[in-house]
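Visitor: So the sequences go chain by chain: R and G. Start counting the first sequence at 3; every next residue gets the next number (this note's numbering). Start counting the second sequence at 378; every next residue gets the next number (this note's numbering). Note that CB positions come from ideal geometry on N, CA and C, so glycine has one too. Here it is, the structure in full.
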Amino acid sequence: MTAMSDLTKLTLAAARDGLKAKSFSAVELTRAHIDAMDRNRALNAFVTETPDLALERAALSDAKLGKGEAGAMEGLPIGMKDLFCTEGVRTTACSRILENFVPPYESTVSANLKKAGAVVLGKTALDEFAMGSSNMTSAFGPVINPWKRKSDPSARLVPGGSSGGSATAVAARMALAATGTDTGGSIRQPAAFCGLVGIKPTYGRCSRWGVVAFASSLDQAGPMTRTVRDAAIMLGSMVGHDPKDSTSAPVAVPDFEAALSGDIRGLKVGIPKEYRPDGLSDEISKLWEAGVDMLKAAGATPVEISLPHTKYALPTYYIVAPAECSSNLARYDGVRYGLRVEGSTLDEMYAKTRAAGFGEEVRRRILIGTYVLSAGYYDAYYIKAQKVRRLIADDFAKAFETVDVILTPTAPSAAFGLGETDDNPVTMWLNDVFTIPTSLAGLPGLSLPAGLSADGLPLGLQLIGRPFDEETVLRVADVMERSAGFSAMPAGV
Amino acid sequence: MSLDKDTVRKIANLARLEVRDDELNHLAGELSNILQFVEQLAEVNTDGVAPMTSVAHMELPRRADEVTDGGYPDKVLANAPERNDGFFLVPKVVE
Numbered sequence: 003m004t005a006m007s008d009l010t011k012l013t014l015a016a017a018r019d020g021l022k023a024k025s026f027s028a029v030e031l032t033r034a035h036i037d038a039m040d041r042n043r044a045l046n047a048f049v050t051e052t053p054d055l056a057l058e059r060a061a062l063s064d065a066k067l068g069k070g071e072a073g074a075m076e077g078l079p080i081g082m083k084d085l086f087c088t089e090g091v092r093t094t095a096c097s098r099i100l101e102n103f104v105p106p107y108e109s110t111v112s113a114n115l116k117k118a119g120a121v122v123l124g125k126t127a128l129d130e131f132a133m134g135s136s137n138m139t140s141a142f143g144p145v146i147n148p149w150k151r152k153s154d155p156s157a158r159l160v161p162g163g164s165s166g167g168s169a170t171a172v173a174a175r176m177a178l179a180a181t182g183t184d185t186g187g188s189i190r191q192p193a194a195f196c197g198l199v200g201i202k203p204t205y206g207r208c209s210r211w212g213v214v215a216f217a218s219s220l221d222q223a224g225p226m227t228r229t230v231r232d233a234a235i236m237l238g239s240m241v242g243h244d245p246k247d248s249t250s251a252p253v254a255v256p257d258f259e260a261a262l263s264g265d266i267r268g269l270k271v272g273i274p275k276e277y278r279p280d281g282l283s284d285e286i287s288k289l290w291e292a293g294v295d296m297l298k299a300a301g302a303t304p305v306e307i308s309l310p311h312t313k314y315a316l317p318t319y320y321i322v323a324p325a326e327c328s329s330n331l332a333r334y335d336g337v338r339y340g341l342r343v344e345g346s347t348l349d350e351m352y353a354k355t356r357a358a359g360f361g362e363e364v365r366r367r368i369l370i371g372t373y374v375l376s377a378g379y380y381d382a383y384y385i386k387a388q389k390v391r392r393l394i395a396d397d398f399a400k401a402f403e404t405v406d407v408i409l410t411p412t413a414p415s416a417a418f419g420l421g422e423t424d425d426n427p428v429t430m431w432l433n434d435v436f437t438i439p440t441s442l443a444g445l446p447g448l449s450l451p452a453g454l455s456a457d458g459l460p461l462g463l464q465l466i467g468r469p470f471d472e473e474t475v476l477r478v479a480d481v482m483e484r485s486a487g488f489s490a491m492p493a494g495v
Numbered sequence: 378m379s380l381d382k383d384t385v386r387k388i389a390n391l392a393r394l395e396v397r398d399d400e401l402n403h404l405a406g407e408l409s410n411i412l413q414f415v416e417q418l419a420e421v422n423t424d425g426v427a428p429m430t431s432v433a434h435m436e437l438p439r440r441a442d443e444v445t446d447g448g449y450p451d452k453v454l455a456n457a458p459e460r461n462d463g464f465f466l467v468p469k470v471v472e
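What follows is the structure in structure tokens.
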């Protein structure tokens, strides 16, 4: 019998094996995490906690485990980003406009996880409609990163975003793992800020059905975990072809865990020279070089590559994503679901509802998106951005003719403090400078913790793979994880 | 491109977002900044490049035109702010 507090420190893989070996029960494992949620409520990681549902599910899992019918995630307590519609459980996207929305249906990804036996502890916080890199745009208050600066332990740091609640929940050991979604870096950047592994799979790998839409040509779901193996296990239970999403790829689901062979000899690893912008911190540069050394030591060959359109990825994204956001968020009209503020005419009701329901960042993106799609500007902005997007995707395709995987930093800095950013929204957007190109090209990207900053905060490296080659990405990440030996934990956890 | 207050008002109307008059100046400045930032794309030569609308390397799948879902009006209406007799209610639109 493992002590209750230790149960929250297990990896997903160890918890799975412990359940199978009957070292503890799913109910005990779940209860340990519910206790951790109680202790850490001040971090604001969960928007909606569902402890009773979780315990019910855990009891069912124990019965299945007893009969030897365990699914791949049987009895494992996880957090569910509050962007996945969950039948009968409030789903807010951390927006006032969906504050009281209770979906009558279940998203495909959350249904897949439940089918595999996962126990959902609750809905984790995010930036409103997943638009943000700090979790500060949530309508329900910021989420706090459990990591602290050595130099100033009292400073409250952001967990990154938009999947910040998921990142904090996993880092603070309130959940063994959590789901995220990533449109321009929303899994990878918070994973880097919180010392976790996060993978955004290839566009089309995970069904988008039932995921509250932000930018449909970019949105992808993925796991956030403490190890690469855990990411492989959970990813396998999330993916799969879904006829309900017309962009869901009809491809076979590999055994991702089996891809972790530990052998990357002979692999060519691309190091893009454009990912060294002026002002990139020494710390991040050194971490990146250390990553290259780890790969060399394991028998892989670094190759300098060029992705010449990299600097245009951010402006491209900030046309394409707001354009899609303005279209997608047109559905919030005060008629079918969500908030409604009365007006004397239908148009007035729309305008008042939307003004009251959307926060500042969402409003800003809707306005930009509406402008770039409006008559007279559509070609100059939107079509232009779609053309540059192709050039960015072509850069990657060309690079992958000679390399098997690409290594870059995940984010340009460690986690920053609440209120330490300036008022210019573009400054916040720069957080995603290394993750956005991958999203535009639809490629799999993984962030893994590779070291600590001088101030004691986790830093991440990103691996990018060919379309539908998550296996190579995971295999390389697993080797790097062993070399990096990242074992630090946030203080007090 | 620098946006003036009138343009912001027009965009807000297109987006059906009520914006207070005293917010227009601030928004015009902010949106102009963003547009200036994205306008660096103008320096990229995109002659002969086809716009990329999707990264999914697949044909849009087709299926038979059949009803495969439905028959639960109560579920559909469950979250409606106002409903009556199986319908969504909106303010009067026809005089």
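1. Inspect the CB distances between the region 203-220 of chain R and the region 98-111 of chain R and report whether three or more fall short of 8 Å.
2. Could you check what DSSP says for Ser449(R) in three-state terms: helix, strand or coil?
3. Which residues in the same chain as Ile307(R) place their Cβ atom closer than 8 Å to its Cβ, once the five residues preceding and following it in sequence are excluded?
4. List the residues that DSSP assigns as beta-bridge partners of Val428(R).
5. Looking at Ala171(R): is its Cβ nearer than 7 Å to the Cβ of Ala179(R)?
6. Hey, which unbroken runs of the beta strand (DSSP E) at 3 residues or more fall wholly within the region 204-284 of chain R?
7. Report the partner residues of Gly182(R) according to the DSSP bridge assignment.
8. Can you check DSSP and say which residues form a bridge with Pro79(R)?
9. Asp381(R) to His434(G), Cα distance in whole Å?
10. By the three-class DSSP mapping on this structure, what secondary structure does Glu443(G) have?
11. Cβ closer than 7 Å: which chain G residues qualify as neighbours of Asp349(R)?
12. Three or more C-beta pairs closer than 8 Å, one from the region 139-151 of chain R and one from the region 198-207 of chain R: is that the case here?
13. I'd like the list of long-range same chain contacts for Ile496(R), defined as Cβ closer than 8 Å, with 5 residues on each side in sequence excluded.
14. Does Lys452(G) come within less than 7 Å of chain R when only Cβ atoms are used?
15. What residue ranges within the region 287-324 of chain R form continuous beta strand (DSSP E) runs of no fewer than 3 residues, ordered along the chain?
16. Can you confirm whether Glu472(G), when its beta carbon is compared against all beta carbons of chain R, has any partner nearer than 7 Å?
17. What residue from Asn422(G), Arg386(G), Leu401(G), Leu380(G) has the CA that sits closest to Lys389(R)'s CA?
18. May I ask which residues mark the beginning and end of the alpha helix (DSSP H) holding Val478(R)?
19. Using the DSSP secondary-structure output, state which residues sit across from Arg460(G) in a beta bridge.
20. Nearest to Lys386(R) by alpha carbon, out of Thr318(R), Trp431(R), Leu331(R), Met138(R)?
21. Let's see if you can read the secondary structure: which residues bound the beta strand (DSSP E) around Gly467(R)?
22. So, Ala234(R) versus Phe258(R), is the Cβ gap smaller than 7 Å?
23. Alpha carbons only, please: which of Ala325(R), Tyr334(R), Lys354(R), Glu362(R) is nearest the one belonging to Tyr379(R)?
24. In terms of alpha-carbon separation, which member of Thr52(R), Ile321(R), Glu58(R) lies closest to Lys125(R)?
25. Only counting the same chain, and skipping five residues up and downstream in sequence, which positions put a Cβ closer than 8 Å to that of Lys382(G)?
26. Between Phe195(R), Ala174(R), Gly186(R), Met133(R), which lies nearest to Val160(R) when the distance is taken from Cα to Cα?
Guide: Here's the rundown:
1. Yes: the two stretches touch, three or more of their Cβ pairs being nearer than 8 Å.
2. Numbered from 1 along the first sequence, position 447 holds the residue referred to as residue 449(R). DSSP places Ser449(R) in strand when its eight states are reduced to three.
3. As a first step, residue 307(R) is located in the first sequence; it is residue number 305 there, counting from the start. Cβ within range, chain order: Gly272, Ile273, Pro274, Lys275, Ala401, Thr404, Val405, Ile408.
4. Mapped onto the first sequence, residue 428(R) falls at position 426. Beta-bridge partners of Val428(R) (DSSP): none assigned.
5. Your numbering for residue 171(R) matches position 169 in the first sequence. Your numbering for residue 179(R) matches position 177 in the first sequence. Ala179(R) sits away from Ala171(R), with the two beta carbons spaced by 7 Å or more.
6. Listed in chain order, the beta strand (DSSP E) elements of length 3 or more contained wholly in the region 204-284 of chain R are 222-227, 270-274.
7. Counted from its first residue, the first sequence places residue 182(R) at position 180. According to DSSP, which records beta bridges pairwise, Gly182(R) is partnered with Gly224(R).
8. Taking the first residue of the first sequence as 1, we reach residue 79(R) at position 77. Looking at the DSSP assignment, Pro79(R) forms a beta bridge with Val121(R).
9. On the first sequence, residue 381(R) is found 379 positions in, with the first residue counted as 1. On the second sequence, residue 434(G) is found 57 positions in, with the first residue counted as 1. Straight-line Cα distance between these residues: approximately 24 Å.
10. In the second sequence, the residue the question calls residue 443(G) occupies position 66. The answer is coil: DSSP assigns Glu443(G) none of H, G, I, E or B.
11. Translated into the one-based positions of the first sequence, residue 349(R) becomes position 347. Chain G residues near Asp349(R): Arg393.
12. Short answer: they don't touch.
13. As displayed, chain R neither begins before 3 nor continues past 495, which places residue 496(R) out of reach and without an answer.
14. Taking the second sequence and counting its residues from 1, the one referred to as residue 452(G) is at position 75. Yes, because at least one Cβ of chain R sits closer than 7 Å to the Cβ of Lys452(G).
15. Listed in chain order, they are 303-307.
16. In the second sequence, counting from the first residue as 1, residue 472(G) sits at position 95. Judged by the 7 Å Cβ criterion, Glu472(G) is not in contact with chain R.
17. Stepping through the first sequence from its first residue, residue 389(R) is reached at position 387. Taking only the C-alpha atoms, the option nearest Lys389(R) is Asn422(G).
18. For this step, residue 478(R) is matched to residue 476 along the first sequence. Val478(R) -> alpha helix (DSSP H) spans 472-486.
19. Here residue 460(G) refers to the residue found at position 83 of the second sequence. In the DSSP output, where bridge partners are listed per residue, Arg460(G) has Phe465(G).
20. Here residue 386(R) corresponds to residue number 384 of the first sequence, with the count starting at 1. A check of alpha carbon separations from Lys386(R) across Thr318(R), Trp431(R), Leu331(R), Met138(R) identifies Thr318(R) as the nearest.
21. By one-based count along the first sequence, residue 467(R) stands at place 465. Gly467(R) -> beta strand (DSSP E) spans 460-467.
22. Your numbering for residue 234(R) matches position 232 in the first sequence. Your numbering for residue 258(R) matches position 256 in the first sequence. Result yes, Cβ atoms of Ala234(R) and Phe258(R) sit closer than 7 Å.
23. For this step, residue 379(R) is matched to residue 377 along the first sequence. Among Ala325(R), Tyr334(R), Lys354(R), Glu362(R), the Cα nearest to that of Tyr379(R) is on Ala325(R).
24. By one-based count along the first sequence, residue 125(R) stands at place 123. Comparing C-alpha distances from Lys125(R) to each of Thr52(R), Ile321(R), Glu58(R) shows the shortest one belongs to Thr52(R).
25. Walking along the second sequence from the start, residue 382(G) turns up at place 5. Only Leu401, Asn402, Ala405 meet the Cβ criterion.
26. Residue 160(R) sits at position 158 when you count from the first residue of the first sequence. When only C-alpha atoms are compared, the closest one is Phe195(R).
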